[in-house]
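Quick notes on the structure that follows.
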Amino acid sequence: MIKQRAQHGHATGKAIIAEHLCKVFNITKGTLRRTKTQVVAVKDVSFEVDYGELFGVVGPNGAGKTTTIKLLTTMLIPTSGRATVLGYDIQRDVTKIRERIGIVLGGERGLYTRVSAIDNLRYFADLYGVPADVRDKRIKELLQFMGLSERARDRVETYSKGMKQRLHLARGLINDPDLIFMDEPTIGLDPEIARETRKMIKELVEKGKTILLTTHYMFEAEELCKRVAIIRSGEIVALDTPSGLKKYVMDTSVVEVEGFGITEKEVARFKEISDVLSVSADLGENKQILKIQTSKGSEIISEVQEILKNSRIYDIKIKEPTLEDAYLRLVES
Amino acid sequence: MSRLRIFFSSAIFAFRAQFEWLNPTMWLTMKFVISLSQMAFFVFVGLFIKGPSAIPFIAIGNALQSVSWNTVFSIINITSNDKWGGTLSILLATPAGRLPIFIGRAMIHVLDGILSVTISLVFASLLFGVNFGQANALALTITVLLTAFTMTGYGLLIGGFSFYFRDPLIFANIFTFILLIFCGVNFPVQDLPQPVQAVSYAFPLTYGVEAARRAIDGGTLFDISGLLGSQLLVGLVSMMLGYFFFRSFERVARKTGRIEAV
Amino acid sequence: MKAEGDMPKMPQALKVVYSAFRMAMLHWIADPQWVIPNIIAPFVFTTVALTLFKGSTGPFGLYAILGGGIMGMWGNTLYSSGFAIEFEKWQGTLEEVMAAPSKLILVIAGRSASNAVFGLTNMAAVLLIAVLGFRVPLGIENPLLFIVALILTLLSLSALGLIFASAFVLSRSAQALTNGLETPLYIISGSMFPVALLPFWIHPAAYILGPTWGVDAIRLTASQEYASQTFWTGMGTNLAIILDLAVMVLITLAYVVIATVLFKMVEKRARIQGTLVEA
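Chains as they are written, first to last, in the working numbering: chain E, 1188 to 1520; chain V, 105 to 366; chain F, 121 to 399.
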């Protein structure tokens, strides 16, 4: 089914429609004794993304985020289910989709380190069929946008991590795609660079691009995305705007306790209290921090003091639930 | 740990290391296909240029040279695998005596080398019609054993100083293949330009090839004793030098703190 | 390389091949030492042949030099083209390349062609040794046809390289056999001695290799002396050359068809099992 598209921003239909996508891998291990196992990377994923939207997919490692992206970008064929990207079917219209999307897989790979940035971009431009006259102009613009113009002719192996990331991003934009898939774009980056990357992502959306982003940083999803899908074990457990998701935990507050001398034993006791939904503990050597999610609110403080009577309590805070709390709740329940 | 135990566990380690790098398919390939095709190649070239009389000379020469795949080539690759694989630092951190490790690992190559040469000699006889009718079995056997042993020494020497370099594969290739030029494998050493001939006698293989030819012709152990003696000497010197490089590399590594990916 | 924007309009497929070729060249310039292991064996074998040849009469010098060059090209085809896809994996670029709309076979074709060309450096080195070290007289009787034959042989090698590249990815044991294939290929292709010398049952294997015909043609263009040993004895030299080239072209086309099928299998496996695209 081919939907009509006018200009960007005025397109009809959805940028992405995923319907019950499922991907099962058959893995054979061992050389002498071959054992076959099935790994369900994506169990059942359905969602839709509008044009011009910045859509987030959040989940723990192994939840199926990367596999979902690979399915939508035609890098993998689904075991069952269907999807359309920019109106094209992911199994029938593979080339058309690939020509029109950008893929940024993150990390430091995806670049030929022994050659220059210009050569890298030129190569991928050719692979994406960018016409020669447009190509050179666009490379120049992209390098400028990414702040790499001065070092454009140096070998990529001489670049810093941040520069490589920006070049990676530039490569994902080489065919001027309307829809860009980004898989954990800020993972492993210094906070400074991560912040800059997020800024660039926002700028791209302002220009009218549609972006699907995966991440396991909740604050990033909250900052950037219009809507967020939370994925766990190959299934979407929630899909809403960040404020919508917080409603899952609206009935709860998070009591944050900072102290010394708190051990696993005390943590376990907290977990036993009814009305305590979850406890996450950071038990460091010099300081321990507990985050107790509870529907009891401030009433729980007396129990905190009781359980921790043999430890030192430095601080107790009661906080508004964040998206991270919603996420933890949904993912760990 | 007793020295004997170290010796054996090193040998087993080398055996398994060999199989890690050379999976069974590759090991079999090397054993049969590479040696045979190399021998065939030169036999045909010799046949083409010089005629049928060249065949036994070339076949025997290549049969002996086949030892180099298991001794020289394998050793250089394994020592480099150690370095790159990061196991070298672990090995050097042990208090175990160095000599037993060193020699223990070498033994597996010697055995492998003997096997290669034997198979190649069988090829020479069956496929290229080399006549073993008058061969002196004892002399030939000792020659093969000694050649495998001394070429392992040569391999350890090259492996030893290749520790210092980044691209051991280039070394492995060069020092395995140049044997074809210098050791009287395909043509007598005398056919080389005069000034270069001296180099030939630095390789244990040169003596082994000549001794093998004489043994197959009927020469006795006594006839070839001079050659074998020289071969043994060169082989032992190589092994000692190899050991020296191994130890000095260890010293350098301890001092500079750099082992892997030097 | 000239500045950007100098390319005339090309069909997209050729553009991809050229781009991959260019990228491979850039990598070679960055790391020229990687060719060395591939050329040591041919180099040594040629030296041995030239030494054996000393004092004999006959067109052996021709065989030695051309043989050495061809062997170098074989070596490159086998190793560098064979591992072309693996190379992308080691670089970390395989996923990005496979995600692009261009067909993988075109990308690898470009790389394969560059490897055949690198083999020419081997021929140059061998030439140097032969002329300087062994004083072999040089002379090509038909330079134009020589170049045509050489180029077509390079194309045939590239096409074969495509088969190696895909086969080595589809089967681990195919990879392990690489080491064993080198010398047999030297033998079967008649690079350093006529195929006629080999036992008759090997001849079919020789004839299905496109480059075997190409080598025959190249030798014919270089020297009349060779005419007695060509496959087409009794026919005029020029006719023999054309026949050689025609056969090679047909075989090469067959290679391309086989390679296309194999590459489809590679892409299918990558998209279904995801194994090729695992880091």
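The beta carbon of each residue, even a glycine, is placed where N, CA and C say it ideally should be.
Please name the residue in the options whose C-alpha comes closest to that of residue i.
i	options	result
N1248/E	G1431/E, K1324/E, E1371/E and T1397/E	E1371/E
G259/V	N277/V, V176/V, M143/V and Y305/V	V176/V
I1256/E	T1509/E, L1399/E and T1215/E	L1399/E
S1336/E	R1322/E, L1354/E and A1319/E	L1354/E
M211/V	N174/V, V293/V and I164/V	N174/V
P1364/E	F1234/E, S1440/E, T1401/E and A1312/E	A1312/E
L309/V	F232/V, L332/V, L151/V and G150/V	L332/V
F284/F	I338/F, T357/F, P257/F and L382/F	L382/F
G181/F	L226/F, G253/F, I322/F and P257/F	P257/F
A400/F	Q1492/E, F1234/E and Y1299/E	Here chain F has residues from 121 to 399 only, and residue 400/F is not among them.
F227/V	P299/V, L340/V, G165/V and G150/V	G165/V
E302/F	S141/V, L242/V and F136/V	S141/V
T1253/E	G1268/E, G1293/E, L1241/E and H1207/E	G1293/E
V1442/E	Q1492/E, A1425/E, V1343/E and Y1404/E	Q1492/E
K1348/E	V1317/E, K1394/E, E1379/E and E1295/E	E1295/E
I378/F	P221/F, S286/F, S222/F and Y346/F	S286/F
Name the DSSP beta bridge partners of residue i, please?
i	result
S1267/E	C1209/E
Y138/F	Paired residue(s): none; Y138/F is not in a bridge.
L1354/E	None, per the DSSP bridge assignment.
F203/F	Beta-bridge pairing links F203/F to no other residue.
D1527/E	The shown model of chain E, from 1188 to 1520, leaves out residue 1527/E, and the question about it has no answer.
S1303/E	R1342/E
T1481/E	S1440/E and V1463/E
V1225/E	The sequence shown places Gln at residue 1225/E, rather than the Val named in the question. Answer by DSSP bridge pairing, in chain order: N1213/E.
I307/F	In DSSP, I307/F forms no bridge with anything.
K1504/E	E1443/E
D1276/E	T1271/E
L1400/E	G1243/E and M1369/E
I274/V	Beta-bridge pairing links I274/V to no other residue.
G1289/E	I1367/E
A1380/E	Just to set this straight, residue 1380/E is Ile in the shown sequence, not Ala. According to DSSP, I1380/E bridges with nothing at all.
R1499/E	F1447/E
I160/F	According to DSSP, which records beta bridges pairwise, I160/F is partnered with nothing at all.
I362/F	Looking at the DSSP assignment, I362/F forms no beta bridge with any residue, so it has no partner.
Cβ atoms of residue j and residue i: under 8 Å apart, would you say?
i	j	result
P160/V	V234/V	yes
G1446/E	R1499/E	yes
F281/V	I160/F	yes
L198/F	A184/F	no
I1460/E	E1490/E	yes
L272/F	A229/F	no
G257/V	G346/V	yes
L1470/E	T1481/E	no
E1409/E	L1510/E	yes
E1385/E	T1373/E	In the sequence as displayed, the identity of residue 1385/E is Arg instead of Glu. Yes, they are a contact pair.
S278/F	A236/F	yes
V1211/E	T1266/E	yes
R1419/E	G1246/E	yes
T177/F	I260/F	no
V246/F	G188/F	yes
V221/V	S304/V	no
A316/V	N240/V	no
L1263/E	V1232/E	no
N196/F	F238/F	yes
S232/F	A204/F	yes
Quick check on the DSSP output: what are the complete alpha helix (DSSP H) runs of length 4 or more inside the segment 1411–1452 of chain E, in order along the chain? Qualifying alpha helix (DSSP H) stretches, in chain order: 1429–1433.
At which residue ranges does the segment 1308–1370 of chain E contain complete beta strand (DSSP E) runs of 3 or more residues, listed in the order of the chain? Runs found: 1366–1370.
Stretch-stretch touch, CB-based, cutoff 8 Å, three pairs: the segment 133–153 of chain F with the segment 1283–1292 of chain E: Judged by Cβ distances under 8 Å, the segment 133–153 of chain F makes no contact with the segment 1283–1292 of chain E, as fewer than three pairs qualify.
Within the chosen definition, does the segment 1381–1398 of chain E reach the segment 1324–1331 of chain E through at least 3 CB pairs nearer than 8 Å? At 8 Å Cβ cutoff, the stretches do not touch.
Taking three-plus beta-carbon pairs below 8 Å as touching, is the segment 326–338 of chain F in contact with the segment 369–382 of chain F? A contact between stretches requires three or more CB pairs, one per stretch, nearer than 8 Å, and the segment 326–338 of chain F meets this requirement with the segment 369–382 of chain F.
Meets three-Cβ-pair contact criterion under 8 Å: the segment 1269–1286 of chain E and the segment 180–195 of chain F: The segment 1269–1286 of chain E and the segment 180–195 of chain F do not touch, with fewer than 3 CB-CB distances between them shorter than 8 Å.
Whole runs of the alpha helix (DSSP H) within the segment 148–182 of chain V, excluding any shorter than 4 residues: Counting only runs of 4 or more, we get 158–169.
For the pair the segment 335–350 of chain V and the segment 263–273 of chain V, tell me if three or more CB-CB distances fall below 8 Å. The segment 335–350 of chain V, when compared against the segment 263–273 of chain V, does touch it at the 8 Å Cβ threshold.
Where in the segment 1226–1262 of chain E do unbroken runs of the alpha helix (DSSP H), each at least 4 residues long, occur, reported from the N-terminal end onward? Segments of the alpha helix (DSSP H) lying fully in the segment 1226–1262 of chain E: 1252–1259.
So within the segment 224–300 of chain F, which uninterrupted alpha helix (DSSP H) runs reach at least 4 residues, ignoring any that extend past its ends? Counting only runs of 4 or more, we get 224–248, 263–290 and 292–296.
Please give me, in chain order, every unbroken run of the alpha helix (DSSP H) with length at least 4 that falls completely inside the segment 304–365 of chain V. Segments of the alpha helix (DSSP H) lying fully in the segment 304–365 of chain V: 308–321 and 325–360.
Quick one: complete beta strand (DSSP E) runs, 3+ long, within the segment 211–299 of chain V? As far as the segment 211–299 of chain V is concerned, it has no whole beta strand (DSSP E) run of at least 3 residues.
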